[in-house]
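Peer 1: The listed protein sequences correspond, in order, to chains A, B and C. Mapping of the first sequence onto the working numbering: position 177 corresponds to residue 1113, and the numbering continues sequentially without gaps. Mapping of the second sequence onto the working numbering: position 41 corresponds to residue 47, and the numbering continues sequentially without gaps. Mapping of the third sequence onto the working numbering: position 56 corresponds to residue 60, and the numbering continues sequentially without gaps. Ideal placement from N, C-alpha and C gives every residue a C-beta, glycine not left out. Quick one: this structure, given as structure tokens, is what I'll be asking you about.
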Amino acid sequence: MNTTTYPSVVRALIRKDLAIMKIPALCYWLAGLGAIVMVMTFGDASGTVAFILFVSALVATGVHAAMQTVTEERRSQNLPFIMSLPITIGDYTLAKMVANLLLGGGIWLFLSAASYVIYIGDSVPHGRVPYMTILLVQILLAYIVILTTTIVFASLVAAISAIVAANLGSQVILWWIVGLHGVRSTINGPEVVWNATYLTVLGLQLAAIVGLIGFTFYAQSRKTQFI
Amino acid sequence: MKTQIVLSQTDDRPIYAQIMDEIKQRVALGDWEPGLRLPSIRELAAELRVSVITVKRAYLELERGGVIVTQQGRGSFVSENVAVSEVQQEKLNRLLQEVARLAATMGLSEDDLRALLSQALKRR
Amino acid sequence: MNAIECERVCKRYPHFALNNVDLTLPTGTVLGFVGPNGAGKSTTIRIIMGLVHQDAGQVRVLGQEMPAQQVKAKWDVGFVSEDMRLYSHRTLGFHLKFLRSIYPAWDDAYTRDLLDRFELNPEQKVKGLSHGQRVKAALLTVFVRRPKLLVFDEPTTGLDPVARKVILEEMMRVLEDDQRSILFSSHNTLEVEQISDHIAFINRGSIVASQEKEAFMDSWRRLRLVVNGDFKMPSLKQLVESQQSGRQLTLTVSDFSEALEQQVRETGAEIRQVERLTLEEIFIASVEAHQRAARADAKQADENQEIAA
């Protein structure tokens, strides 16, 4: 699979997907901002509501973008129009990946950064920071599972299965991580401690993300039928 | 140049023959004078919305019949020494042949045919 | 140079297979691709576009190997299929702007001219367009790019006669440039007969006939004969179909020639009329003959099996 020597086409594809997702993405960013404002105004009291709003904004952006730009494009028979352009399946995959990471990854980065600012400024024990990081990366990993499954299978059933699996899987993983000795011993401490347990989990998560993205390009390059 | 040629889909003749006849007609009537440059094959194909190969065939046969001449790279022209009467004569011959064929399948005698011809002559 | 070359292209699906498809489109010409539904037209076209990869065989488009060199080829190819849709929640203008950002040699004047002639409003959302307007809009997105090769799968299906005329007109305008070529499939045989330089018939995944149009149409005839009771049908390899009603016998032949006419006359039959066929008639006769042959083969195979058993 060789990617095109004409990056302008991939760029045009990305711009097109961003344009299509502009309005919904804007709404989700506003919801995310709302969550931050709530926490900053009302403090911990609004924590639960803010957290739900936060995760909702994140999931909604990611899932909506993947469904709209990949599944919907196929269902609505726009794919022949796109694939008749001077691109390979690799270019198509690259464009979808970048557009979605800008949308879903973008809001994840924004909300994660906001969480840090709020958390560190707060009186909560800083021992929770590594766990929070793992939680945030796990959310990103779950999103990547959904995104890559959607790109490879481009079907509603596959996307929904991925959403359910990613959600349940993350719950189980996080529950398991909380039980690990290295986590239990530091989570309520006053200091940020990045022990081997945290680093191993984080490393595994990042490897999974990179692996999934790489596998998506590989799986796409094996396809012989695109519409 | 737009030729204003009109083709018929209900006509039995193939399209290339219709194009030939239309052009011969224009030459015979003197509307297209000797030396006049014809549209290129692709131009005429575009105007008539028929395939290039069909127009090419019409031009080739017109050339063979001496109605037009094609100069490589310059285009096709109405032949300078086209005998208008020959074009008309050829058309008459073809129609007569058709009449003869049809009369034969209908089982008409030569006298029947003569009678019909004189009637036709009177009508016009 | 040929705009498209397919050599022994095969693609196997569970319930359908494309068998050794050979197809050639010489540069500067139009190839009309005709076949019944499910015969393999769309699959062949998708393989040509690199949207489906063949299992075996070679495909070259504008000199580029497909699917390996598809990017190079697709820069100069415009494709519209019947099952292709534009983004319904966007305007035609959105699509044009998108394409404009990809194709460097974009011509705004030509775009306006086409919008005008196709009677399309770029501000209108695609979902608000009629079926005919959608088809025209999709075709417009191809014409504006001025591709060297236009590949249309059923471009005029569902168009009214006036819209169809506008489309055919634009297709023929493309051909004014002898470096540009068109491959199109259609159910409308009249349309194919009118504008194609070459014709290919496909049936059950195999090319049944592929020839230059004038020669192809010229080679088919229907002979209306009157025969006597003792008439014995000569075995003609050109005979595709025969129908008899009393003393009247109608023969449909391919590869017609004066010699054939003479051969028929020598049987003592009287030839009442020799007629040319329309492409539709030729198409139906070829497909039916192909299907009869396939059935005969299958029957033969069955019998062989029974004998073996």
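When we look at the beta-carbon of N938(A) and count the other beta-carbons within 10 Å, is it buried (16 or more) or exposed?
Peer 2: Residue confidence for N938(A) is low, a pLDDT of 44 falling below 50, so the modelled location carries little weight and cannot support an answer.
Peer 1: For chain A, find out if any of its Cβ atoms is closer than 8 Å to the Cβ of F83(C); answer yes or no.
Peer 2: yes
Peer 1: Measuring CA to CA, which of S134(C), H19(C), H57(C), E158(C) is closest to V38(C)?
Peer 2: E158(C)
Peer 1: What residue range is occupied by the uninterrupted beta strand (DSSP E) comprising E69(B)?
Peer 2: Element bounds for E69(B): not the beta strand (DSSP E) but the alpha helix (DSSP H), 58-70.
Peer 1: To which residues of the same chain is R43(B) closer than 6 Å at the C-beta, ignoring the five residues directly before and after it?
Peer 2: G81, F83
Peer 1: If you reduce the DSSP assignment to three classes, tell me which class G41(B) lands in.
Peer 2: coil
Peer 1: Here's a check: name, in chain order, each residue in its chain whose Cβ is nearer than 7 Å to the Cβ of T47(C), leaving out the five neighbours to either side.
Peer 2: K15, L22, V56
Peer 1: Taking A52(B) and L179(C) to be in contact with their CB atoms under 8 Å, please state how far apart those CB atoms are, rounded to whole angstroms.
Peer 2: 6 Å
Peer 1: Along chain B, which residues have their Cβ under 7 Å away from the Cβ of P199(C)?
Peer 2: The sequence shown places Ile at residue 199(C), not Pro. What I199(C) touches in chain B: R55, V56, S57.
Peer 1: Kindly indicate which three-state DSSP category R104(C) falls into: helix, strand or coil?
Peer 2: helix
Peer 1: When you check each C-beta in the region 277-310 of chain C against every C-beta of chain B, which residues fall closer than 9 Å?
Peer 2: Q277, E279, R280
Peer 1: Applying the 10 Å Cβ sphere with the 16-neighbour rule, what's the burial state of Y114(C)?
Peer 2: exposed
Peer 1: Buried or exposed for L123(B), please, with buried defined as at least 16 other CB atoms from any protein chain shown within 10 angstroms of its CB.
Peer 2: When all chains shown are included, L123(B) counts as exposed.
Peer 1: If you reduce the DSSP assignment to three classes, tell me which class G36(C) lands in.
Peer 2: strand
Peer 1: Give the DSSP-derived three-state secondary structure of P1061(A) in the structure shown.
Peer 2: coil
Peer 1: Which word fits T940(A), buried or exposed, when buried means at least 16 other C-beta atoms lie within 10 angstroms of its C-beta?
Peer 2: Because the pLDDT of T940(A) is 48, which lies under 50, any placement of that residue in the model is unreliable, and the question is left without a value.
Peer 1: Express the C-alpha separation of V1114(A) and R1120(A) in angstroms, rounding to a whole number.
Peer 2: Going from the Cα of R1120(A) to the Cα of V1114(A) covers about 6 Å.
Peer 1: State yes or no: is the C-beta of L1135(A) within less than 8 Å of the C-beta of T1069(A)?
Peer 2: Not in contact: L1135(A) and T1069(A) (Cβ atoms no closer than 8 Å).
Peer 1: Report yes or no: do three or more beta-carbon pairs, one from the region 249-265 of chain C and one from the region 214-232 of chain C, lie closer than 8 Å?
Peer 2: Contact between the region 249-265 of chain C and the region 214-232 of chain C is present, because at least three Cβ pairs lie under 8 Å.
Peer 1: Does the contact criterion of 3 or more C-beta pairs under 8 Å hold for the region 166-181 of chain C versus the region 132-152 of chain C?
Peer 2: yes
Peer 1: Rounded to the nearest angstrom, how far is the Cβ of I1075(A) from that of W1044(A), given a contact under 8 Å?
Peer 2: 7 Å
Peer 1: Assuming E197(C) contacts T282(C) (C-beta within less than 8 Å), just tell me the rounded distance between them.
Peer 2: Contact check for E197(C) and T282(C): beta-carbon distance about 7 Å, within the 8 Å limit, so the pair qualifies.
Peer 1: Does any CB atom of chain B fall closer than 8 Å to the CB of E180(C)?
Peer 2: Using a CB distance cut-off of 8 Å, E180(C) counts as an interface residue toward chain B.
Peer 1: Please tell me whether K97(B) and K30(B) are closer than 8 Å, where the distance is taken between their beta carbons.
Peer 2: Contact flag set, yes.
Peer 1: Using a threshold of 8 Å, state whether the C-beta atoms of G32(C) and Q183(C) are closer than that.
Peer 2: yes
Peer 1: Which same chain residues end up closer than 7 Å to A1132(A) when comparing Cβ atoms and leaving out the 5 residues on each side of it in sequence?
Peer 2: G1118
Peer 1: Per DSSP, H202(C) forms a beta bridge with which residues?
Peer 2: L35(C), E216(C)
Peer 1: Could you compute how far the alpha carbon of Y964(A) sits from the alpha carbon of I171(C)?
Peer 2: 44 Å
Peer 1: Specify the secondary structure class of G209(C) as computed by DSSP and reduced to three states.
Peer 2: If DSSP states are grouped into helix, strand and coil, G209(C) belongs with coil.
Peer 1: Under a CB-based cut-off of 8 Å, is V56(C) close to chain A?
Peer 2: yes
Peer 1: Please state if the CB of D953(A) and the CB of T1005(A) are separated by a distance shorter than 8 Å.
Peer 2: Yes, the Cβ-Cβ distance between T1005(A) and D953(A) is below 8 Å.
Peer 1: Nearest CA to the CA of A996(A): which residue from A1090(A), L1030(A), P1016(A), G1041(A)?
Peer 2: Checking every option, the nearest Cα to that of A996(A) belongs to G1041(A).
Peer 1: Counting only Cβ-Cβ distances shorter than 7 Å, please list the residues of the region 99-120 of chain C near chain A, keeping chain order.
Peer 2: F102, S105, I106
Peer 1: Taking the runs of the beta strand (DSSP E) that are 3 residues or longer, which of them lie wholly in the region 982-1041 of chain A?
Peer 2: none
Peer 1: Go through the region 105-174 of chain C residue by residue and report every complete run of the beta strand (DSSP E) that reaches 3 residues or more, in order.
Peer 2: 153-157
Peer 1: What residue range does the beta strand (DSSP E) around V12(B) cover?
Peer 2: For V12(B), there is no enclosing beta strand (DSSP E), since its DSSP letter is neither H nor E.
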